[in-house]
Amino acid sequence: MTRWRLWLCALALALPCTGQASQVWTGWVSWVMDGDTVLLVREGQHEPITLRIDGIDAPESCQPGGAESRDELIRMVLRKSVQVVDLGQDVYGRQIGRLSLNGLDLGAEMVRSGMAWAYRFRTGKGPYALLQRQAQKQKMGVFAVPEAAMSPPVFRKFHGLCHGR
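This is the structure we're talking about:
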């Protein structure tokens, strides 16, 4: 059994690495669509791109807390220069990335303030799960009334997408 494990390890090391390194770039936020999606213009470019913030899921715009979540992100980033760790596209073809402002992780801030859920596609838990539990415990943002807080995937299941999306 030990030889088999050694052989597998050697094989894994011999295979070429196909993963791409994350690209980091700067841009300015031209619009906030909702609490987890922004339009931003990459430095040196003219056309905006839509970026979905990795690791969070904000309330739908027509969902209770949706407007407040969007307003919080507007307050933090609208017309400001931000740094993006570009993580490529998700299974829906959306551009995904980590967004920061002067070193502040904006996804973490949205979850910490109770304006978004921690989320990782297909696993449910994301990098901010602990921050979400703290926001729930402190009854912040959308968790102010715990029995009324409905995660966006559950909301979409019962109510569908909001108009205009």
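Numbering (my numbering), first residue to last: 553 to 717.
Backbone N, C-alpha and C fix where the C-beta goes; we use that ideal spot for every residue, glycine too.
On a predicted model such as this, the values are computed, not experimentally measured, just so you know.
Residues bridged to residue i [DSSP beta-bridge criterion]
i	result
glutamine 752	It is not possible to answer for residue 752, since the shown part of the chain is limited to 553 through 717.
leucine 591	Trp583 and Thr602
valine 576	Val637
Rounded separation between residue i and residue j - CA only
i	j	result
arginine 594	glutamate 620	26 Å
glycine 666	leucine 656	16 Å
glycine 607	threonine 589	12 Å
glycine 659	lysine 689	19 Å
alanine 696	histidine 598	40 Å
glycine 693	glutamate 661	12 Å
lysine 632	valine 576	17 Å
glycine 596	methionine 702	40 Å
For residue i, the nearest candidate out of the options (CA to CA)
i	options	result
glutamine 635	Ser652, Gln597, His711 and Tyr644	Ser652
alanine 670	Ala610, Gly596, Val584 and Ala700	Ala610
*Decide yes or no for the touch test of the region 588-604 against the region 645-661: beta carbon pairs closer than 8 Å, at least 3 of them.*
Yes, the region 588-604 is in contact with the region 645-661.
*Is the region 688-708 touching the region 614-621, taking contact as three or more C-beta pairs under 8 Å?*
Flag = yes, the region 688-708 and the region 614-621 touch.
*Taking one C-beta from the region 682-691 and one from the region 627-642 each time, how about it: are there three or more such pairs within less than 8 Å?*
By the criterion of at least three beta-carbon pairs nearer than 8 Å, the region 682-691 is not in contact with the region 627-642.
*Entirely within the region 606-684 and at least 4 residues each: give me those alpha helix (DSSP H) ranges in chain order.*
Runs of the alpha helix (DSSP H) inside the region 606-684: 618-629 and 658-664.
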